[in-house]
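Enquirer: Would you mind keeping the following structure in view while I ask a few things?
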Amino acid sequence: MAGVEQSKAQDMGLHTEQLTGRTQQRFFNATEEENYTYPWAHEVDFDKQAEFDAAEMEISAINLKIRALMQQGYGDIKVTNPRAKHSLGVGILNRLKLTFDGSLGYFGCGLIDGPNIHVTGRVGWSCAENMMAGTVVIDKVAGSTFGAAIRGGDLVCRGDVGSRTGIDQKGGTIIVGGRTGAFSGFMMQRGRMVICGDAGKNLGDSMYDGTIYVGGQITDLGVDCVEGEMTDLDVKWLRAKLALYGVEPKNGIENMTKLVSGKQLWNYDNLEPAEKKLVL
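Under the numbering used here, the residues of the sequence shown are numbered 5 to 284, in order.
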């Protein structure tokens, strides 16, 4: 295993957390570039900028245009007038600064690994589904299943989001500046979810692991979601992370509610029917 250089995460004590279950942490040597990039990834220059109008373009043409510009070395691309078209900015496995000046439809920015995406408008259902790495920042509001099955990176909506936020979350961080709907954090497995506003019904239902922070009112908790103890480490991490995106809970970080898994449903499939009834 390659040596691990000291990082800000280690300075903050994040690697001293007592995680139970099978860890998903992986360490690489920062000099081993092949561990961080795909062999077909394009070399881009972030000082090289391009802009195009997508108003009259088909969805496939817009995505192909973005790829063509990356191939030409453009590292800062702006797409104007996306007009809430579906499935834009998907499957980008490359470092890139990408701005959508407007709103996206369903499945925007899904299956990405590496780009930093900014949407100045709103997004529809399933934004950033199966995101692996990078950042996606939404200035306005988002639809349901925001960040479904996200595995890494930071996914941020400065406004409200719909129901089932972070369903089947496997890693990364989801930040909501406003409120979220019902069944957010359903079957959450890893990662962190930060809700600055209120949370709807069945929050964290059947969560396996991970952490949810809520700054507002919680309608009710789902099965096996329980309140945890806020520590100085939690407060320090939240303050540093939320400062990056200019959002903060109205009642202050120190007054947020921390939620974790009660772990009563672990090995759930091995329980006998009678035992399942006792758990539920």
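Positions of the beta carbon are idealized from the N, C-alpha and C atoms, including for glycine.
Does the pairing of the region 177-197 with the region 241-250 give three or more beta-carbon distances under 8 angstroms?
Expert: Touching, yes.
Enquirer: By DSSP, does ASP143 sit in helix, in strand, or in coil?
Expert: In the sequence shown, residue 143 corresponds to position 139, counting from 1. Note: ASP143 maps to coil in three-state DSSP.
Enquirer: DSSP three-state label for LEU102, please.
Expert: As a first step, residue 102 is located in the sequence shown; it is residue number 98 there, counting from the start. It is a strand residue.
Enquirer: Reducing DSSP to helix, strand and coil, say where GLY250 ends up.
Expert: Position 246 of the sequence shown, counting from 1, holds the residue named residue 250. Reduced to three states, the DSSP call for GLY250 is coil.
Enquirer: Starting from the Cα of GLU231, find the closest Cα among GLY256, ALA203 and SER265 and give me that residue.
Expert: As a working note, residue 231 is residue 227 in the sequence shown. Measuring from the Cα of GLU231, the nearest candidate turns out to be SER265.
Enquirer: State the DSSP-derived secondary structure class of ASN120, mapped to helix, strand or coil.
Expert: Taking the sequence shown and counting its residues from 1, one reaches residue 120 at position 116. The answer is strand: DSSP assigns ASN120 an E or B state.
Enquirer: Can you tell me whether ILE63 is helix, strand or coil according to DSSP?
Expert: Position 59 of the sequence shown, counted from the first residue, corresponds to residue 63. The answer is helix: DSSP assigns ILE63 an H, G or I state.
Enquirer: Short of 6 angstroms in beta carbon distance, which residues of its chain neighbour ASP143, apart from the five on each side in sequence? Order them along the chain.
Expert: Here residue 143 is taken as the residue at index 139 of the sequence shown, counted from 1. These residues qualify, in order along the chain: THR124 and ARG162.
Enquirer: Can you give the Cα-Cα distance for ASN120 and ARG99, rounded to whole angstroms?
Expert: Residue 120 sits at position 116 when you count from the first residue of the sequence shown. Residue 99 sits at position 95 when you count from the first residue of the sequence shown. Rounded to whole angstroms, ASN120 to ARG99 spans 7 angstroms at the Cα level.
Enquirer: Applying the 10 Å Cβ sphere with the 16-neighbour rule, what's the burial state of GLY25?
Expert: The sequence position of residue 25 within the sequence shown is 21, counting from 1. For GLY25, the pLDDT reaches just 49, beneath the cut-off of 50, and the residue's location in the model is therefore unreliable, although a value from the coordinates is still provided. It is exposed - the Cβ of GLY25 has fewer than 16 other Cβ atoms within 10 Å.
Enquirer: Buried or exposed: which applies to ILE44, given that a residue is buried once 16 or more other Cβ atoms fall within 10 Å of its Cβ?
Expert: Here residue 44 refers to the residue found at position 40 when the sequence shown is read from its first residue. First, the amino acid is wrong: residue 44 is Trp here, not Ile. With fewer than 16 other Cβ atoms within 10 Å, it is exposed.
Enquirer: For VAL180, which beta-bridge partners are listed by DSSP?
Expert: The count along the sequence shown starts at 1 and reaches residue 180 at position 176. Beta-bridge pairing links VAL180 to CYS161 and ILE199.
Enquirer: Measuring CA to CA, which of ASP158, THR84 and VAL227 is closest to GLY189?
Expert: Translated into positions along the sequence shown, residue 189 becomes position 185. Minimum Cα distance to GLY189 is reached at VAL227.
Enquirer: Do GLY157 and THR139 come within 7 angstroms of each other at the CB atom, strictly closer than that value?
Expert: For the purposes of this step, residue 139 is identified with residue 135 of the sequence shown, where counting begins at 1. For the purposes of this step, residue 157 is identified with residue 153 of the sequence shown, where counting begins at 1. For THR139 and GLY157, yes; Cβs fall inside 7 angstroms.
Enquirer: I need the boundaries of the beta strand (DSSP E) containing CYS229, first residue and last residue.
Expert: Position 225 of the sequence shown holds residue 229. Counting along the chain, the beta strand (DSSP E) containing CYS229 begins and ends at 229-231.
Enquirer: Judging by CA-CA distance, which residue of ILE171, GLY208, LYS52 and MET135 is the nearest neighbour of GLY93?
Expert: Counted from its first residue, the sequence shown places residue 93 at position 89. If we check each option's Cα against that of GLY93, MET135 comes out closest.
Enquirer: Spatial neighbours of THR20 within its chain, please: C-beta separation below 7 angstroms, excluding the five flanking residues on both sides.
Expert: Walking along the sequence shown from the start, residue 20 turns up at place 16. Confidence at THR20 is low in this model, with a pLDDT of 48, below 50, so the placement of that residue should be treated as unreliable; the coordinate-derived value is given next. If we look at THR20 and ignore the five residues flanking it on each side, it has no Cβ neighbours.
Enquirer: Going by Cα to Cα distance, which pick from THR41, ASN255, GLY219 and ALA137 is closest to ILE116?
Expert: Position 112 of the sequence shown, counted from the first residue, corresponds to residue 116. Checked all of THR41, ASN255, GLY219 and ALA137; the closest Cα to ILE116 is ALA137.
Enquirer: Report the rounded CA-to-CA distance for GLY175 versus TYR212, giving the unit in angstroms.
Expert: Translated into positions along the sequence shown, residue 175 becomes position 171. Translated into positions along the sequence shown, residue 212 becomes position 208. Answer to the nearest angstrom: the Cα atoms are 12 angstroms apart.
Enquirer: Short of 6 angstroms in beta carbon distance, which residues of its chain neighbour GLY147, apart from the five on each side in sequence? Order them along the chain.
Expert: To locate residue 147, count along the sequence shown from 1; it is residue 143. Excluding positions up to five away in sequence, the list reads GLY128, TRP129 and GLY166.
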